[in-house]
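Below is one structure; the comments refer to it alone.
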Amino acid sequence: MATLLEQVEVDTELRPAVAGRNPWALAARRLWRNRIAMAALLLFLVIVVMCLAAPLYAHDVAHVNPFPPNLNGHTVAGGKVVPVMQRGGGVLRLGETPIGPTWDPSHYFLGADSTGRDVAALLLYGGRSSLLIGIGAAVFCSLAATVVALIAGFFGGVTDSVASRIMDIIWAFPVFLLAICIGTELLTHSNGFQFGPVHIDASSLLLPTAIIAFIYIPYVYRPMRGQVLSVVNKEFVEAATAQGAGNLRLIFSEILPNVVSTVIVLMPLMIATTILTEAALSFLGVGVQPPNVSWGTIIQDGTGLVYTRPWVTIAPGLMILLTVLSLNVLGDGVRDALDPRAKLRVEG
Amino acid sequence: MKFAHATTIAARRRARPLYKLSTGAAVAALAVTAAACGGSTQSSTSSTQGAAHKGGTFTILANSSFGVADPAQNYTLEQWQLLIDTHDGLVGFAKAGGAAGNKIVPDLATSIPVPTNGGKTYVFHIRKGIKFSNGQTLKPSDFVTTFERQFTVPGPTSFYSSIVGANKCSTKGCNLSKGVVANDSAYTLTINLTAPDPEFMDQLSLPFAFAVPASTSPKLTGNNVPPGTGPYMWKSYNPNTQAVLVRNPYFHVWNAQAQPAGYPNEIIEKYGLQVSDEVTEVLNGQANEVYDGDSIPSDQLSRLNSPKYAGQVHVNTLTADYYFALNTRRPPFNNLQARQAINYAANRTAYIKIYGGPSLAVPTCQILPPNFPSYAPYCPYTAGSSHTKWTGPDLAKAKQLVQQSHTAGMKVVVDSSNDQVGKALAEQMVSDLNSIGYKASTQLLAAGIQYPFIQNSSNSSKWNVGYSQWYQDYPAASDFLNVLLGCGTIHPNSDASPNIAAYCDQATQSKINQAEAMGATNPSGAAALWTQVDHADTNAGPWVDMFNPKQIDVLSHNVHGYSWSPQWYILIDRLWLSS
Chain A
527 MATLLEQVEV DTELRPAVAG RNPWALAARR LWRNRIAMAA LLLFLVIVVM
577 CLAAPLYAHD VAHVNPFPPN LNGHTVAGGK VVPVMQRGGG VLRLGETPIG
627 PTWDPSHYFL GADSTGRDVA ALLLYGGRSS LLIGIGAAVF CSLAATVVAL
677 IAGFFGGVTD SVASRIMDII WAFPVFLLAI CIGTELLTHS NGFQFGPVHI
727 DASSLLLPTA IIAFIYIPYV YRPMRGQVLS VVNKEFVEAA TAQGAGNLRL
777 IFSEILPNVV STVIVLMPLM IATTILTEAA LSFLGVGVQP PNVSWGTIIQ
827 DGTGLVYTRP WVTIAPGLMI LLTVLSLNVL GDGVRDALDP RAKLRVEG
Chain B
10 MKFAHATTIA ARRRARPLYK LSTGAAVAAL AVTAAACGGS TQSSTSSTQG
60 AAHKGGTFTI LANSSFGVAD PAQNYTLEQW QLLIDTHDGL VGFAKAGGAA
110 GNKIVPDLAT SIPVPTNGGK TYVFHIRKGI KFSNGQTLKP SDFVTTFERQ
160 FTVPGPTSFY SSIVGANKCS TKGCNLSKGV VANDSAYTLT INLTAPDPEF
210 MDQLSLPFAF AVPASTSPKL TGNNVPPGTG PYMWKSYNPN TQAVLVRNPY
260 FHVWNAQAQP AGYPNEIIEK YGLQVSDEVT EVLNGQANEV YDGDSIPSDQ
310 LSRLNSPKYA GQVHVNTLTA DYYFALNTRR PPFNNLQARQ AINYAANRTA
360 YIKIYGGPSL AVPTCQILPP NFPSYAPYCP YTAGSSHTKW TGPDLAKAKQ
410 LVQQSHTAGM KVVVDSSNDQ VGKALAEQMV SDLNSIGYKA STQLLAAGIQ
460 YPFIQNSSNS SKWNVGYSQW YQDYPAASDF LNVLLGCGTI HPNSDASPNI
510 AAYCDQATQS KINQAEAMGA TNPSGAAALW TQVDHADTNA GPWVDMFNPK
560 QIDVLSHNVH GYSWSPQWYI LIDRLWLSS
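Each protein sequence line maps, in turn, to chains A and B. Here this note's numbering is used: position 30 in the first sequence is 556, and no number is missing along the way. Here this note's numbering is used: position 278 in the second sequence is 287, and no number is missing along the way.
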């Protein structure tokens, strides 16, 4: 007669196999069913595709090089050849006003900026920079913060104290003040940033990316460290330790998969934040440097034209608004999808 | 010889454009300008009319205040336009519009003395019966304190460094008993110089030399302006809110040319508005003047073109330069041909469009501005055959010079301020450099950082082309040619080294020295030498001179009697208000 234990094993073998649902697949399914989040994702993708098509638009549609000033150039508006910069009227003839929107995609669709450049083409190129910096900074920042949080949370003690105090110091600085200080310092080097074999050109987009990534590390580090501390003493970690797993395996195979959802939830929100930060820094002149443009630099250029050529500021402002809005809504959707407590809400 | 502190130099350059002319042609040109600007020259006004015009509060709107108010330190047009109404010097620029404003007239002195002792001694006879706004009577000994404060208060001491004993003065103490000798019983003041100085009367006309009571602290008075002798006195000054000037009860007119009684009863300067809001308030009649040092956004310029405001907007030409200094310490611009190449390639039409168009700037190739002593039109860097006027860039010539200089393909960093105009000018310069074969990029810094940055030689390896501007202190060719391009004004590792290009040519410097030495005894000979220096410097191309700017005054509809002095610009006390 079989023992009770043997009977249980036999019953288990005879039971038909049920396909286990991967938690990531479940999350993806929940996200797919969230129509608002999907609409936001679609909007974000449309913006990304539009920005990626910037060279195509500039070269094949608008027929312009949007980077050098074009103060003495001409274009077509209303079937007539007109100067891009138009001299003021009246008796005094003060000022030079750039041409306004022609609503003709091949001729200064959104008008020109204060140096006679095509705003529509700049907008798309600016979007490339803003998105690249925003996404790049968020990814770098999250990676760095996750690694530091894993090490600090896992090893604890002195390691945790040192890492956390360094993060506290960075956190103690006002974000923009710190970014302006670092940006100004790096921009005054004609050769950009040089550290050993690492060299970043002063006008490279990597410079603002690195600055923004650096200043936001504590913002991701804090919740990540908390998550690591909450799982580091769980039974499955102890079981793995008992089986002889090394530190690296414990960190990357046992702990990381259980805390990574926090980074994924934070990611869209971080991208939105870094895009806004990039725009603000570029507006202040310490972000993207010429000849590159970003939505922030276009807004800065447009501040002197708010009354006569409002589209120079409205257009990039609108793009920032739509991008940040789509990322925030997507971020909410991702959080709901990854949060088990949201299951009832989504599926019910 | 006119530099002491980075902050003051920066303030001078940024905030106060001044000038004077002396040649007949220049006088004529200014008169035409004045006439074209709506008859700004103030004619003599009868006392009856003057009395009728008196009254009211004149309100000026300024984006920001002028900082510390001590007249021994402040170096801004913003405060100087008020100080000329509250204080007086031994001599002063006539308070008149047009060319008459360039004339130096006796003020607290009864006459302008002829120097003796080989041009080194001046004896001034001081007027009697003049009182400060605190009721104290003016005495010659008050000037001793005034001049000693130039050295004990941190400021641009170098204006008066030729006074005997000045070389031993510092912020710790100063004794000018041998250089400034007062005789209170004879009411005379004797000033002894170490060497003749043809510009000494100009320097005495600046607000630094305006009389303050002998009891004034030798240290910085902060925001408390010491009493003066002018028709107004400082009632209050708060850099965050406003300055208020009211009538000085002890004032009486002693020389109407130097210090007439003002028209408004009260002058208020308010701080903190955006310039576009200032324009709106003034056009709406809520205030009377947009401070003329505030840069009006291009948006508002198009608004000012409306015929409705034609009588309220005045444009005047300044004696100032907007330029890019070429760093002559390092390649490629340690090469003459490379410097000349970018001068040929510079698209000055584009630079002018960035600044606001041909109504607000005039293209130039040379150092001295038009309507300035020793100015003779000269432009070797232009397309076409003219050598006196810029007509367009000559790219073919520029490319040829780049090839000859063997500098093609070199990296060039264009350093500029990150404000809208500075950034756009830098981008145009990058475009011009790239068009002739360089690999140019921008380096944009906040204006407060950028100016000291490019002056300091320790940063010279970080830039090749630096954006800057210069406004005259007083009408003398040396104020441009010696101050900005003389060998003596390169101060290594200092933030106050106004020869930004670090250009030094010994042959030209000896001409400068010769011209300065001749100034007192042979003014016409000196003027001819300054012209030669100007053209020699232009040929050497240490700068890409872009344009000479113009200035806009915006007034409310109820302001009358507009006068524009080439030295002080708008004369506030000459304006009167209708109800």
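Backbone N, C-alpha and C fix where the C-beta goes; we use that ideal spot for every residue, glycine too.
Member of the options whose CA lies at the smallest distance from the CA of residue i
i, options, result
"residue 550 of chain B", "B/348, B/108, B/321", "B/348"
"residue 320 of chain B", "B/414, B/530, B/562", "B/562"
"residue 335 of chain B", "B/546, B/557, B/418, B/146", "B/546"
"residue 875 of chain A", "A/865, A/848, A/864", "This structure leaves residue 875 of chain A out entirely; chain A is present only between 527 and 874."
"residue 102 of chain B", "B/186, B/197, B/234, B/268", "B/268"
"residue 218 of chain B", "B/240, B/100, B/292", "B/100"
"residue 833 of chain A", "A/681, A/623, A/810, A/669", "A/623"
"residue 626 of chain A", "A/645, A/671, A/759, A/679", "A/645"
"residue 629 of chain A", "A/783, A/604, A/639", "A/604"
"residue 739 of chain A", "A/758, A/713, A/702", "A/702"
"residue 538 of chain B", "B/115, B/477, B/521", "B/521"
"residue 146 of chain B", "B/123, B/128, B/236, B/180", "B/236"
Endpoints, the alpha helix (DSSP H) within which residue i is located
i, result
"residue 752 of chain A", "732-757"
"residue 432 of chain B", "429-444"
"residue 783 of chain A", "782-810"
"residue 539 of chain B", "532-549"
"residue 566 of chain A", "561-578"
"residue 409 of chain B", "404-414"
Contact belief for residue i with residue j at Cβ below 8 angstroms, rounded distance in angstroms
i, j, result
"residue 607 of chain A", "residue 642 of chain A", "Not quite, the Cβ-Cβ distance comes to about 15 angstroms (not below 8 angstroms), so this is no contact."
"residue 71 of chain B", "residue 278 of chain B", "6 angstroms"
"residue 652 of chain A", "residue 307 of chain B", "With 8 angstroms as the limit, residue 652 of chain A and residue 307 of chain B do not qualify as a contact, their Cβ atoms being about 21 angstroms apart."
"residue 66 of chain B", "residue 273 of chain B", "6 angstroms"
"residue 189 of chain B", "residue 132 of chain B", "The Cβ separation is near 12 angstroms, so there is no contact."
"residue 578 of chain B", "residue 301 of chain B", "6 angstroms"
"residue 566 of chain A", "residue 859 of chain A", "7 angstroms"
Contacts that residue i makes with chain A (C-beta to C-beta distance below 7 angstroms)
i, result
"residue 298 of chain B", "In chain order: nothing, as chain A lies at least about 17 angstroms away."
"residue 358 of chain B", "598"
Residue i: contacting residues in chain A (beta-carbon distance under 9 angstroms)
i, result
"residue 368 of chain B", "613, 614, 618, 619, 620, 621"
"residue 9 of chain B", "Coverage of chain B is limited to positions 10 through 588, which leaves residue 9 of chain B absent and any answer about it impossible."
"residue 314 of chain B", "614, 615, 616, 617, 618, 619, 620, 621"
"residue 319 of chain B", "616, 617, 618"
Boundaries (first-last residue) of the beta strand (DSSP E) holding residue i
i, result
"residue 333 of chain B", "329-335"
"residue 380 of chain B", "Per DSSP, residue 380 of chain B belongs to no beta strand (DSSP E) and is neither H nor E."
"residue 606 of chain A", "606-609"
Strand pairing of residue i, partner residues [DSSP]
i, result
"residue 134 of chain B", "B/197"
"residue 94 of chain B", "Paired residue(s): none; residue 94 of chain B is not in a bridge."
"residue 923 of chain A", "The first residue shown for chain A is 527 and the last is 874, placing residue 923 of chain A beyond what the model contains."
"residue 115 of chain B", "B/100"
"residue 554 of chain B", "B/332"
"residue 420 of chain B", "B/448"
"residue 563 of chain B", "B/299, B/322"
"residue 630 of chain A", "A/633"
"residue 246 of chain B", "B/252"
"residue 704 of chain A", "Note: residue 704 of chain A sits in no beta bridge, so no partner."
"residue 603 of chain A", "A/606"
"residue 231 of chain B", "Bridge partners of residue 231 of chain B: none, in fact."
"residue 720 of chain A", "A/725"
"residue 624 of chain A", "A/611"
Chain B residues whose Cβ lies nearer than 8 angstroms to that of residue i
i, result
"residue 641 of chain A", "363, 433, 436, 437"
"residue 713 of chain A", "452, 453, 454"
"residue 710 of chain A", "454, 455, 458"
Contacts that residue i makes with chain B (C-beta to C-beta distance below 9 angstroms)
i, result
"residue 831 of chain A", "306, 307, 308"
"residue 811 of chain A", "426, 427, 428, 432, 453, 454, 455"
Under 7 angstroms from the C-beta of residue i: neighbouring residues of chain B
i, result
"residue 594 of chain A", "440"
"residue 834 of chain A", "308, 311"
"residue 732 of chain A", "Within 7 angstroms Cβ-Cβ: nothing; residue 732 of chain A doesn't reach chain B, min ~15 angstroms."
Chain-ordered neighbours of residue i on chain A, where CB pairs are closer than 8 angstroms
i, result
"residue 558 of chain B", "Result: empty, since nearest Cβ-Cβ is about 13 angstroms, beyond 8 angstroms."
Any non-hydrogen atom of the ligand ADP closer than 7 angstroms to residue i Cβ
i, result
"residue 724 of chain A", "For the ligand ADP, the structure offers nothing, since it holds no ligand at all."
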